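Here the sequence shown stands for residues -17 to -1, 1 to 242, where the numbers follow mature numbering (1 follows the signal peptide of the UniProt record, and there is no 0). Where a beta carbon is used, it is the ideal one built from N, C-alpha and C, also for glycine. Every value quoted in this text rests on a predicted model; they were computed, and no experiment measured them.
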Amino acid sequence: MRSLAVFALFCSSLACADATVVVAPHTLLRLPATTGLLVLDRLEVGHAGALLIPSTVNELRVGELLLGQDARIGIAPSAEEFRLEARHAELAAGSQISARGATGTAQKPATAGRNLSVRLEQASLSNLTLDVRGGVGAPGFAGLDGGSGHAGGCLWGQVARGADGQNGADGQSGGAGGQVRLEVPADFPADSVKVRLDGGAGGEGGMAGQGGRGSSGKGCLLYRTEGARDGRAGQAGHAGAQGGEGSFKLVRFAPAAPQ
């Protein structure tokens, strides 16, 4: 197996031709942050292994693509379409190519699944999953609890009720599902491919703030002051909207004529 350091040394340019990248079974390899096009002679991901491709790579051309059982290629989110071309592909059961959107945060909304274009000139497969689901929306902020009321004195001041709790904020919307274009030979078994296009779930609504406690009663020399009631609890925020569903297009082409 070539280490990441060795790979970066030989593939620091825009395209890396005549190179082999092998991910050992049950291991993860992250490609270096190259940009644009990456060309490989052979790419192999072993059983339950994972290859992570940075957002700066927009296209990957592979002579021979081998994915073992439950192997995965993960593509980082980006607004740019990602294109994968393989002259020959052997895909074992549970193979997956994932380009899911990023989960939202308080500072950034959830992103859409990355648009994915895959062309397989020749392919032998058990099954394959293409996953371009949108990112999950960020949850809403919780409402603040109300402050407690202050008790009045026997000769001055008035009792005060507890302050109302604030409402929780609504959750943010989920990201939309991506667009998938799959180009395969005319005899390709399309029923062996599962495409996940769902938009991301909306974020949960923020929790309601609790009402503050009202001031308690107080006994005085000749009389007693009554306590004040507690503040009202706020309302929980609403869940964010689910992102829109993506789209899938299957394109079949005639096999190349033998030379």
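Take the alpha-carbon of R102 and the one of K91: they are about 32 Å apart. A distance below 6 Å between beta-carbons, with the five flanking residues on each side excluded, links R55 to the following residues of its chain, in chain order: A33, Q79. Close CB contacts of G46 within its chain, under the 8 Å cut and outside five residues either way in sequence, are with L23, D24, R25, A69, R70, H71 (chain order). Annotation: G130 to E187 spans about 25 Å, alpha carbon to alpha carbon. If you draw a straight line from the Cα of L21 to the Cα of V4, it comes to about 12 Å. Two segments are said to touch when three or more pairs of C-beta atoms, one from each, lie closer than 8 Å; by this definition the stretch 53 to 67 does not touch the stretch 121 to 130. Residue environment for R13: exposed (fewer than 16 other C-beta atoms within 10 angstroms of its C-beta). About 15 Å separates the beta carbon of V178 from that of R235, a gap too long to meet the 8 Å contact definition. Look at S175 here: in three-state DSSP terms it is helix. Note that the C-beta distance between G154 and G220 is below 8 Å.
Secondary structure note for E73: its beta strand (DSSP E) is the uninterrupted segment 65 to 74. The Cβ atoms of A89 and G118 do not sit closer than 8 Å to each other. By the neighbour-count criterion, in which a residue is buried when 16 or more other Cβ atoms sit within 10 angstroms of its Cβ, E228 is exposed.
DSSP lists L99, F231 as the bridge partner or partners of V163. In the structure shown, S78 falls within a strand segment according to DSSP collapsed to helix, strand and coil. A residue is called buried when at least 16 other Cβ atoms come within 10 angstroms of its Cβ; G87 meets this threshold and is buried.
The beta carbon of G185 sits closer than 6 Å to those of G120, G154, S156, G157, A222, G223, A224, Q225, all from its chain and outside the five residues before and after it, given in chain order.
For P15, the closest C-alpha among the options A31, A7, S38 is that of S38. For R116, the CB contacts under 6 Å within the same chain, skipping 5 residues up- and downstream, are R83, G96, G160, R179, D181 in chain order.
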